[in-house]
Every structure is written in C-alpha cells, then in structure tokens.
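Novice: Residue numbering for the sequence shown follows this note's numbering, starting at 4 and increasing by one per position. Don't be surprised by glycine CBs; every beta carbon is placed ideally from N, CA and C. Note that the coordinates shown come from a computational prediction; the quantities given were computed from them, not determined experimentally.
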Amino acid sequence: MKPTKARKPAAPAAKRPAVMTGASVPVLRWPPDEDRVEEIFQRLSGVMPDPKTELNFSNPYTLVVAVALSAQATDVSVNKATDRLFAVADTPKKMLALGEEGLIPYIASIGLYRGKARNVIALSRIVLEQHGGEVPLDRDGLQALPGVGRKTASVVLNELGIEAAIAVDTHVFRVSHRLGLANASTPDKVEAQLFKVVPEEWLPKAHHWLILHGRYTCTARKPGCLGCIISDLCPSRAGLLALGEART
Numbered sequence: 004m005k006p007t008k009a010r011k012p013a014a015p016a017a018k019r020p021a022v023m024t025g026a027s028v029p030v031l032r033w034p035p036d037e038d039r040v041e042e043i044f045q046r047l048s049g050v051m052p053d054p055k056t057e058l059n060f061s062n063p064y065t066l067v068v069a070v071a072l073s074a075q076a077t078d079v080s081v082n083k084a085t086d087r088l089f090a091v092a093d094t095p096k097k098m099l100a101l102g103e104e105g106l107i108p109y110i111a112s113i114g115l116y117r118g119k120a121r122n123v124i125a126l127s128r129i130v131l132e133q134h135g136g137e138v139p140l141d142r143d144g145l146q147a148l149p150g151v152g153r154k155t156a157s158v159v160l161n162e163l164g165i166e167a168a169i170a171v172d173t174h175v176f177r178v179s180h181r182l183g184l185a186n187a188s189t190p191d192k193v194e195a196q197l198f199k200v201v202p203e204e205w206l207p208k209a210h211h212w213l214i215l216h217g218r219y220t221c222t223a224r225k226p227g228c229l230g231c232i233i234s235d236l237c238p239s240r241a242g243l244l245a246l247g248e249a250r251t
C-alpha cells in the first residue's frame with residue numbers, strides 16, 4: 004500500500020483587523036495617494052465646515068467627565084444622563100459632594116456605570132486637591148486622571164483646540180480602513196498612520212470628520228455608499244456594493 008502524502012496545511016485566510024468589531028475593514032495598501040487624501044478632506048470640510056463633538060458640556064471639567072462616561076456608550080445616552088447630572092454637579096467640588104452613591108442614579112443607564120462612577124469621583128478628587136479645581140489641559144496631566152486614557156485625552160485636547168489630536172474610536176478605525184487612510188490593526192498604530200497621511204491643514208478637524216462620517220454615512224453595517232460625497236474616492240466602495248453590504 005502506497006503511503007499517503009501528508010497534506011500541507013491550508014494557508015490561513017487574510018484577516019481583517021481583530022479590533023473595533025462590527026465593521027467591514029479591508030486591508031488595503033498603504034500609504035494612500037496624497038492627492039486622493041487631500042480631496043477626501045476637502046470634500047468633508049465642504050459639508051461639515053465646523054464639526055464639533057456631539058457630547059454636551061459647559062467647561063473642560065464637564066467635557067472630561069462626558070468623554071469618560073462615553074466609553075462603550077453612545078453620545079445620545081451619555082447626553083441624556085449628563086443633562087440631569089451637570090445641572091447639579093458641573094464642578095469637581097459639587098461632584099465630590101454628590102459622592103459615588105449619589106452619582107450612580109444619574110448614570111445608571113450608561114454601560115459600566117459603577118466603574119465609571121468610581122473613576123469620576125476619583126478624578127474629581129485629584130482635580131480639586133492637586134490642580135486647584137481646574138482640569139489639567141496637557142496630555143500627561145489628563146492621562147494621569149482615573150478613567151482617562153489616551154483616547155479620552157485626545158478627544159478633550161482636540162475639542163478644546165489645544166492639540167490637533169486624532170482619537171481612534173470604532174468609527175475612525177472603520178472609516179480609515181475603508182478609505183485606505185490606514186491599514187494597521189490597532190488604534191494606536193492607526194493614529195500614527197493618520198498623522199503621517201492627513202495633510203497638516205486638515206489635522207485639527209480630521210478627528211471629527213472621520214467620526215461623523217462613520218456615524219452617519221459610512222456605518223458599520225449597510226454604509227450609505229450611493230449617497231456618500233467621497234464614494235468615488237473610496238477603494239472599498241465596489242467591494243461593499245458587490246458583497247451587498249452597502250445601502251442601495
């Protein structure tokens with residue numbers, strides 16, 4: 004009997020990035036063409052000349068709290084909670100007076116609310132005791148606060164016009180991959196790639212354009228390719244339409 008040859012194991016299929024789930028994110032060649040990138044942001048700026056965060060806030064402190072609460076939650080759900088919360092506690096001193104148990108009923112509708120309540124009280128104490136009640140407006144100072152990581156710090160610094168930061172959330176990750184602006188597999192690496200390819204003049208608002216485009220047009224499921232103002236510049240459009248993943 005002839006010995007059977009051992010079969011070669013099949014080559015593993017090309018994988019999409021394993022983070023930021025729920026999105027079609029093809030791995031495209033990088034870096035992208037400079038003229039195409041320029042045109043993408045030129046068009047986005049035309050329809051969104053002054054993009055802002057959709058979180059409600061009245062001062063740097065309430066912005067930090069709102070962004071910290073928004074992790075794994077929608078801006079809409081956070082705003083519903085903070086509209087009531089900030090009416091009674093819009094400073095570190097007032098938040099500490101409320102206390103963790105007093106804070107929880109205001110944010111119980113938001114995911115991970117117990118851990119977030121602990122962090123908000125802890126960061127409020129640090130801001131009051133170590134910074135005289137004023138939120139530190141530098142990256143190191145912000146990231147030293149409980150519940151404030153790189154992404155939260157980037158959102159705050161960008162929104163307040165302190166730093167042209169790009170916070171890579173699920174929307175930015177997905178849109179960057181679909182447009183071929185990035186092809187890395189982690190948020191930090193995508194952020195580094197975006198800083199290399201986004202023209203300097205567009206950097207201050209790039210974060211908001213990519214988020215809002217992902218939230219309302221280039222959605223995770225059934226993106227609106229046919230009504231998209233940059234669809235002719237998108238290398239993923241044909242594939243999304245062919246796979247039936249885009250809205251028609």
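What is the DSSP secondary structure of residue 77, counted as helix, strand or coil?
Specialist: Here residue 77 corresponds to residue number 74 of the sequence shown, with the count starting at 1. Residue 77 falls in the coil class under three-state DSSP.
Novice: What does the Cβ neighbour count give for residue 152, buried or exposed, with the cut at 16 atoms within 10 Å?
Specialist: The count along the sequence shown starts at 1 and reaches residue 152 at position 149. Exposed, by the Cβ-count rule.
Novice: Can you give me the Cβ contacts of residue 234 inside the same chain, cut-off strictly under 6 Å, excluding the 5 residues immediately before and after it?
Specialist: As a first step, residue 234 must be located in the sequence shown, where it is residue number 231. Result list for residue 234: 228, 240, in chain order.
Novice: So, at 8 Å on beta carbons, what are the nonlocal neighbours of residue 164 in its own chain, with the 5 sequence-adjacent residues on each side left out?
Specialist: By 1-based counting over the sequence shown, the position of residue 164 is 161. Closer than 8 Å at the Cβ level, and outside the excluded window around residue 164, lie 207.
Novice: Would you call residue 20 buried or exposed, if buried means 16 or more other Cβ atoms sit within 10 Å of its Cβ?
Specialist: Taking the sequence shown and counting its residues from 1, the one referred to as residue 20 is at position 17. Interpretation of residue 20 is limited by its pLDDT of 49, a score under 50 that renders its predicted location unreliable; the figure taken from the coordinates is listed afterwards. Label assigned to residue 20: buried.
Novice: Between the region 128-146 and the region 175-185, do at least 3 Cβ pairs fall closer than 8 Å?
Specialist: In short, these stretches do not touch, since the Cβ pair count stays below three.
Novice: Measuring CB to CB, does residue 112 end up less than 8 Å from residue 73?
Specialist: In the sequence shown, residue 112 corresponds to position 109, counting from 1. In the sequence shown, residue 73 corresponds to position 70, counting from 1. No.
Novice: Are there 16 or more other CB atoms within 10 angstroms of the CB of residue 247, so buried, or fewer, so exposed?
Specialist: Counting from 1 along the sequence shown, the entry for residue 247 is found at position 244. Label assigned to residue 247: exposed.
Novice: In or out: residue 185 buried (at least 16 other Cβ within 10 Å) or exposed?
Specialist: Taking the first residue of the sequence shown as position 1, residue 185 is located at position 182. With 16 or more other Cβ atoms within 10 Å, it is buried.
Novice: Residue 155 by DSSP, collapsed to three states: which one?
Specialist: Residue mapping note: residue 155 aligns to position 152 of the sequence shown, counting from 1. Here residue 155 sits in helix by DSSP.
Novice: Given this structure, state the Cα-to-Cα distance separating residue 78 from residue 57, to the nearest angstrom.
Specialist: Here residue 78 refers to the residue found at position 75 of the sequence shown. Here residue 57 refers to the residue found at position 54 of the sequence shown. Using only the alpha carbons, I get a separation of about 6 Å.
Novice: Hey, residue 92 and residue 98 are a contact pair by Cβ (cut 8 Å); roughly how many whole angstroms apart?
Specialist: Residue 92 sits at position 89 when you count from the first residue of the sequence shown. Residue 98 sits at position 95 when you count from the first residue of the sequence shown. Correct: roughly 4 Å between the Cβ atoms.
Novice: How far does the alpha helix (DSSP H) with residue 212 in it extend, from its first residue to its last?
Specialist: Residue numbering aside, residue 212 sits at position 209 when the sequence shown is read from its first letter. That run of the alpha helix (DSSP H) goes 206-219.
Novice: Starting from residue 122 and walking both ways along the alpha helix (DSSP H), at which residues does that stretch end?
Specialist: In the sequence shown, counting from the first residue as 1, residue 122 sits at position 119. Start and end: 116-134.
Novice: Looking only at C-alpha atoms, which of 117, 51, 44, 122 sits nearest to residue 67?
Specialist: Mapped onto the sequence shown, residue 67 falls at position 64. The candidate whose alpha carbon is nearest that of residue 67 is 122.
Novice: Please return the same chain residues whose Cβ sits closer than 7 Å to the Cβ of residue 131, not counting the five positions on each side in sequence.
Specialist: Position 128 of the sequence shown, counted from the start, is the residue given in the question as residue 131. Within the same chain, residue 131 has close Cβ partners 95, 96, 99.
Novice: Do residue 115 and residue 149 count as a contact pair if the criterion is CB distance below 8 Å?
Specialist: Mapped onto the sequence shown, residue 149 falls at position 146. Mapped onto the sequence shown, residue 115 falls at position 112. Not in contact: residue 149 and residue 115 (Cβ atoms no closer than 8 Å).
Novice: Using only alpha-carbon positions, find the residue among 35, 144, 33, 159 that is nearest to residue 62.
Specialist: Counted from its first residue, the sequence shown places residue 62 at position 59. Closest by alpha carbon: 159.
Novice: If you draw a straight line from the alpha carbon of residue 87 to that of residue 168, how long is it in whole angstroms?
Specialist: Here the question's residue 87 lines up with position 84 in the sequence shown. Here the question's residue 168 lines up with position 165 in the sequence shown. When rounded, the distance between both Cα atoms is 29 Å.
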